[in-house]
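Following: one structure in structure tokens, then a few remarks.
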Amino acid sequence: MQLAQRGDQRAYASLLVLLTGVTRQFARSRLGAVVWIDDVVQETLLAIHRARQTYDPARPFAPWFYAIASSRMIDVIRRERRVASRQVATDVLPEPVAHDTDRDDIDIDAVHAALASLPPRQREVIERLKFRDESVREVSSGLGMSESAVKVTAHRGYRALRRLLGGTRRED
Amino acid sequence: MKTEELIVKLASTSGPWTPLAPVRIRVVRWLMLSVGVCALTVAMVGARADILPSLQDPGFVTLALATLASGLVASAAGMMLGVPGAERTPLWRIVAVLLTAGWALLLLARLVSGGDAWPRLAAFPNHWACVVEIIGLSAISGWVFFAMLRRAAPLQRTWSAMLATLAPAALAATATQIMCPIDDPAHHIVSHVTPVALLAVIGTLAGRRVLEWTGDRRRRSR
Numbered sequence: 218m219q220l221a222q223r224g225d226q227r228a229y230a231s232l233l234v235l236l237t238g239v240t241r242q243f244a245r246s247r248l249g250a251v252v253w254i255d256d257v258v259q260e261t262l263l264a265i266h267r268a269r270q271t272y273d274p275a276r277p278f279a280p281w282f283y284a285i286a287s288s289r290m291i292d293v294i295r296r297e298r299r300v301a302s303r304q305v306a307t308d309v310l311p312e313p314v315a316h317d318t319d320r321d322d323i324d325i326d327a328v329h330a331a332l333a334s335l336p337p338r339q340r341e342v343i344e345r346l347k348f349r350d351e352s353v354r355e356v357s358s359g360l361g362m363s364e365s366a367v368k369v370t371a372h373r374g375y376r377a378l379r380r381l382l383g384g385t386r387r388e389d
Numbered sequence: 090m091k092t093e094e095l096i097v098k099l100a101s102t103s104g105p106w107t108p109l110a111p112v113r114i115r116v117v118r119w120l121m122l123s124v125g126v127c128a129l130t131v132a133m134v135g136a137r138a139d140i141l142p143s144l145q146d147p148g149f150v151t152l153a154l155a156t157l158a159s160g161l162v163a164s165a166a167g168m169m170l171g172v173p174g175a176e177r178t179p180l181w182r183i184v185a186v187l188l189t190a191g192w193a194l195l196l197l198a199r200l201v202s203g204g205d206a207w208p209r210l211a212a213f214p215n216h217w218a219c220v221v222e223i224i225g226l227s228a229i230s231g232w233v234f235f236a237m238l239r240r241a242a243p244l245q246r247t248w249s250a251m252l253a254t255l256a257p258a259a260l261a262a263t264a265t266q267i268m269c270p271i272d273d274p275a276h277h278i279v280s281h282v283t284p285v286a287l288l289a290v291i292g293t294l295a296g297r298r299v300l301e302w303t304g305d306r307r308r309r310s311r
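Quick mapping for you: the protein sequence lines, in order, are chains A and B. Converting from the first sequence to our numbering requires adding 217 to each position, the first position being numbered 1. Converting from the second sequence to our numbering requires adding 89 to each position, the first position being numbered 1.
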């Protein structure tokens, strides 16, 4: 950190790489294997970057770092709880009634192109749920994710698809 | 964005930086400024005519010491909260609040012991000069306190905002007590305690947003 304070970018990058592992381990020991562990890691790295001028080289690094990591972890937990509270379980939703007139309006190629541009995990979840008609439980065991993680990933995927396809209708 | 990409981005935008001064230095700097502003105001407005005999009155000195101690402790606690991990115990902030509460309770006890407490309070013995002095002095040093905290990284924004408002307001109340010629506890409750309490509440509510530094609010509003 002291080298980084003097403008050594390589030392700073090395420090951030080191802290990535430490933060991931720290978060995993408290949260278990949640899918948004990377959110905690990235939020912590960003906060460290923004608060770097508050680190006093005369004081130990660990209390400074863990205070930021704990605070960011709590913020991410709150945010994820907020998101989860707005989720509707996909396996309890009634099956939508297919209307031929709507179906005629759908550009299947555009849907496939939008789906292809999603992150691999979201694409996989949506393909399994919607194209292979697998249940949330089957997807979760197939991908080694918790059921709630599957729902959250699917929800994010639907939101991204809606944005990519230019839709404005709320799914919930 | 992947974590590796984020690290590359953060490292590439990082140049040399100067660490903030240690907490105690920042507290002393802020106290010098705010005590200086208060002293200047007292010199310009003038202390109460009987200030020397009042300084030998234990009641007057106790009230002044309570607000002064509250301001000092709140400033130290507030600055500590601006540096992650610097606060080893929440005792400082609790003491700051207790001292302020003690000041108010002391005045209340005097009001009650003087008899006819409710009619005296209901008469609303307000003196606008006291209110203006407290708000004016708090605004100047409070603005500086918030600016100093914004350069830091307060993790507990509600507490930080409250202490950043309480510290200048308590010091302003001390200065106002030196200038105010009225000893009636009912007046002190109406024109000294109430503005300090209101400032603390408003500062806490509004200051939380001012002290946002993590970018959460910006991301939520997108």
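Virtual Cβ for every residue (Gly too), placed ideally from N, Cα, C. Bear in mind the structure is a predicted one, so any value in this text is a computation, not a measurement.
### Query
Hey, is S164(B)'s beta-carbon within less than 7 angstroms of any beta-carbon in chain A?
Chain A contact via Cβ: absent.
### Message
Along the chain, where does the alpha helix (DSSP H) containing G374(A) start, and where does it finish?
### Response
Note, G374(A): alpha helix (DSSP H), 364-382.
### Residue interval of the alpha helix (DSSP H) (run including L300(B))
Boundaries cannot be given for L300(B), as no alpha helix (DSSP H) includes it and DSSP labels it neither H nor E.
### Task
Let me know if V162(B) comes out buried or exposed under the rule of 16 or more other beta-carbons within 10 Å of its beta-carbon.
V162(B) should be labelled buried.
### Query
What is the C-beta distance between S101(B) and Q226(A), in whole angstroms, given that I count them as a contact (C-beta under 8 angstroms)?
Contact flag correct, Cβ pair sits at about 7 angstroms.
#### Entry: Contacting positions in the region 292-306 of chain B - beta carbon closer than 8 angstroms to chain D
No chain D appears in this structure, whose protein chains are A and B.
### Query
Shorter than 7 angstroms from the beta carbon of T283(B) to some beta carbon of chain A?
It does not; no Cβ of chain A falls within 7 angstroms.
### Query
Would DSSP call T178(B) helix, strand or coil?
Reduced to three states, the DSSP call for T178(B) is coil.
### Range of the contiguous alpha helix (DSSP H) that encloses P337(A)
For P337(A), the enclosing alpha helix (DSSP H) has its first and last residue at 337-343.
### Reduced DSSP category for V233(B) - H, G, I as helix; E, B as strand; rest coil
For V233(B), the three-state secondary structure derived from DSSP is helix.
### Query
Mind checking if L161(B) is an interface residue toward chain A, Cβ cutoff 7 angstroms exclusive?
With 7 angstroms as the cut-off, L161(B) does not count as an interface residue toward chain A.
### Query
Quick one, which of Q222(A), G359(A), A331(A), S358(A) has its alpha-carbon nearest A275(A)'s?
If we check each option's Cα against that of A275(A), Q222(A) comes out closest.
### Message
I want to verify the contact list: residues of chain A whose CB lies under 8 angstroms from the CB of V172(B), in sequence order.
### Response
Going along chain A in sequence order, the residues near V172(B) (Cβ under 8 angstroms) are T271, D273, W281.
### Query
CB V168(B) to CB E176(B), shorter than 7 angstroms?
Reading off the sequence, residue 168(B) comes out as Met, not Val. In this structure, E176(B) does not lie closer than 7 angstroms to M168(B) by Cβ.
### Span of the alpha helix (DSSP H), counted from its first residue to its last, around D189(A)
The structure shown does not extend to residue 189(A), since chain A is modelled only from 218 to 389, so the question has no answer here.
### Message
Among P208(B), G174(B), V279(B), T254(B), whose alpha-carbon lies nearest the alpha-carbon of G296(B)?
### Response
Looking at P208(B), G174(B), V279(B), T254(B), the one whose alpha-carbon comes closest to that of G296(B) is T254(B).
### Query
Using a C-beta to C-beta distance shorter than 8 angstroms, which residues of chain A count as neighbours of L244(B)?
Chain order gives the chain A residues near L244(B) as A284, I285, S288, where near means a beta carbon separation below 8 angstroms.
### Query
Are the beta-carbon atoms belonging to I285(A) and A264(A) less than 7 angstroms from one another?
In contact: I285(A) and A264(A) (Cβ atoms closer than 7 angstroms).
### Task
Could you pull out every residue in the same chain whose Cβ sits closer than 6 angstroms to the Cβ of E222(B), ignoring the five residues on either side in sequence?
Cβ neighbours of E222(B) within its own chain (closer than 6 angstroms, five residues either side excluded): T265.
### T318(A) classed as buried or exposed, judged by whether at least 16 other C-beta atoms fall within 10 angstroms
Because the pLDDT at T318(A) is just 48, under 50, the model does not fix this residue reliably, and the value given afterwards should be weighed accordingly. By the 10 Å Cβ count, T318(A) comes out exposed.
### Message
Check whether the region 197-211 of chain B and the region 265-285 of chain B are in contact - that is, three or more C-beta pairs closer than 8 angstroms.
### Response
A contact exists between the region 197-211 of chain B and the region 265-285 of chain B.
### Task
Kindly list the residues whose CB is nearer than 8 angstroms to the CB of G203(B), restricted to its own chain and excluding five residues on each side of it in sequence; keep chain order.
Answer for G203(B): R209, P274, listed in chain order.
### Message
Are the CB atoms of L120(B) and A155(B) within a distance shorter than 7 angstroms?
### Response
A155(B) places its beta carbon 7 angstroms or farther from that of L120(B).
### Message
Assuming V172(B) and A236(B) are in contact, meaning their beta carbons sit under 8 angstroms apart, how far apart are those beta carbons, in whole angstroms?
### Response
Between V172(B) and A236(B) the beta-carbon gap is near 16 angstroms, outside 8 angstroms, which marks them as no contact.
#### Entry: Cβ of L233(A) within 7 angstroms of any chain B Cβ
Yes, because at least one Cβ of chain B sits closer than 7 angstroms to the Cβ of L233(A).
#### Entry: Neighbour flag for S249(B) against chain A, beta carbons, 7 angstroms
Interface with chain A (7 angstroms Cβ-Cβ cutoff): S249(B) is excluded.
### Query
Given that a residue counts as buried once 16 or more other Cβ atoms are within 10 Å of its Cβ, and exposed if not, what is S288(A)?
By the neighbour-count rule (16 or more Cβ atoms within 10 Å), S288(A) is buried.
### Message
I'd like to know whether the C-beta of T178(B) is nearer than 7 angstroms to at least one C-beta of chain A.
### Response
It does not; no Cβ of chain A falls within 7 angstroms.
### Message
Can you list, in chain order, the residues of its chain with a C-beta nearer than 7 angstroms to that of R267(A)? Leave out the 5 residues immediately preceding and following it.
### Response
Result list for R267(A): empty, nothing under 7 angstroms.
### Limits of the unbroken alpha helix (DSSP H) element including Y229(A)
Here the alpha helix (DSSP H) through Y229(A) covers 226-248.
### Task
Examine chain B for any beta-carbon lying closer than 7 angstroms to the beta-carbon of Y229(A), and answer yes or no.
Yes, because at least one Cβ of chain B sits closer than 7 angstroms to the Cβ of Y229(A).
### Query
Within 10 angstroms of its Cβ, does A138(B) collect 16 or more other Cβ (buried), or is it exposed?
Note on A138(B): under 16 other CB atoms within 10 angstroms of its CB, so exposed under the neighbour-count rule.
### Query
On the three-state DSSP scale, how would you describe R386(A)?
Only weak support is given to the placement of R386(A): the predicted model assigns it a pLDDT of 49, under 50, and the question is left unresolved by the model.
### Query
Whose CA, out of I325(A), R338(A), L235(A), V367(A), lies closest to the CA of E93(B)?
Ranking the options by Cα distance to E93(B), first place goes to L235(A).
### Query
Name the chain A residues whose beta carbon is nearer than 7 angstroms to that of W106(B)?
Neighbours of W106(B) on chain A, chain order: Q222, R269, Q270.
### Query
Under a Cβ-count criterion, where at least 16 other Cβ atoms within 10 Å of its own Cβ denotes burial, should W302(B) be classed as buried or exposed?
A residue is called buried once 16 or more other Cβ atoms fall within 10 Å of its Cβ, and W302(B) is buried on that count.
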